[in-house]
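K.L.:
Here it is, the structure, as structure tokens.
Residue numbers (my numbering): 2 to 256.
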């Protein structure tokens, strides 16, 4: 019975991760679609100008236009690469390791496409960060993107989001073994939370958003990721209207 219960729980957690990944992909697709539309318009305009210059025999200007079209194609490739990567990543067997700085930088690029210009995202990486920590890069990216989407929703009029990485011990009440940990923090200046809400934010299907606008799966999945990697997750807020800070600790990876 215990094995059956453990297997059922593992299957439920896998379905939860897939549901969260699908939701994040939808958010990303909406943001990327806007940028791709702008690129398409630029390519269309460049194509029309290129045809005109060729018909007029103005080859040097046509070559410059071709260079511009090539740059637009490279931007399009850069836009779609992280989206396709997040969609394609699957579950790997055995202990996994990730580069926290590189993964956070990739996640910030995803945030900028998904959120829009009204929510600028800044990334700061302190020296002394462990080069590798335990966990799957795709799951960390998904967790950070979920945090950022929640921050955006808490600041409907726009506002800055800060992502910071440093080496810091986990909170004492997490009861984690000693060692080096990377702390990944996301901070916003949004609507904040009271103590009763903070006590429930890790519950699956608990959400403060209106019906149809949230499921509560994101933070539950992020909490499961942190605990599965041997780390911890904490949310802090001084109260309603005082913003929110999400901190994720991941232990250094040792093969």
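All residues carry an ideal CB built from backbone N, CA and C; glycine is no exception.
Nothing here was measured: the structure is a model prediction, and the numbers come from that model.
#1: Quick check on residue 217: does DSSP put it in helix, strand or coil?
#2: For residue 242, which option in 232, 195, 255, 224 has the closest C-alpha, if you only look at C-alpha atoms?
#3: Counting only runs of 4+ residues fully inside the stretch 101 to 137, write out the alpha helix (DSSP H) ranges in chain order.
#4: So, are the CB atoms of residue 187 and residue 152 less than 9 Å apart?
#5: Would you mind stating whether residue 190 and residue 244 have Cβ atoms separated by less than 9 Å?
#6: Please state whether the Cβ-Cβ distance between residue 254 and residue 133 is less than 9 Å.
#7: Of all the options 249, 61, 70, which has the alpha carbon lying nearest to the alpha carbon of residue 167?
#8: Quickly, what does DSSP pair residue 253 with across the bridge? List them, please.
#9: Can we say the stretch 162 to 180 touches the stretch 95 to 115, given the rule of at least three CB pairs closer than 8 Å?
#10: Using the Cβ count rule (16 or more neighbours within 10 Å means buried), how would you classify residue 58?
#11: What number of angstroms, rounded off, separates the C-alpha of residue 154 from the C-alpha of residue 61?
P.N.:
In short:
#1: Translated into positions along the chain shown, residue 217 becomes position 216. Interpretation of residue 217 is limited by its pLDDT of 46, a score under 50 that renders its predicted location unreliable; no figure is taken from the coordinates.
#2: In the chain shown, the residue the question calls residue 242 occupies position 241. Residue 195 is the option with its Cα nearest to residue 242.
#3: 101 to 116
#4: Counting from 1 along the chain shown, the entry for residue 187 is found at position 186. Counting from 1 along the chain shown, the entry for residue 152 is found at position 151. Contact: yes.
#5: By 1-based counting over the chain shown, the position of residue 190 is 189. By 1-based counting over the chain shown, the position of residue 244 is 243. A contact, by the Cβ cut-off of 9 Å.
#6: Reading the chain shown from its first residue, position 253 is the one you call residue 254. Reading the chain shown from its first residue, position 132 is the one you call residue 133. The answer is yes: Cβ separation under 9 Å.
#7: Here residue 167 refers to the residue found at position 166 when the chain shown is read from its first residue. Closest by alpha carbon: 249.
#8: On the chain shown, position 252 is the one that residue 253 refers to. Answer by DSSP bridge pairing, in chain order: 134.
#9: yes
#10: If you number the chain shown from 1, residue 58 lands on position 57. Answer is exposed; the Cβ neighbour count stays below 16.
#11: Your numbering for residue 154 matches position 153 in the chain shown. Your numbering for residue 61 matches position 60 in the chain shown. If you take the alpha carbons of residue 154 and residue 61, they lie about 49 Å apart.
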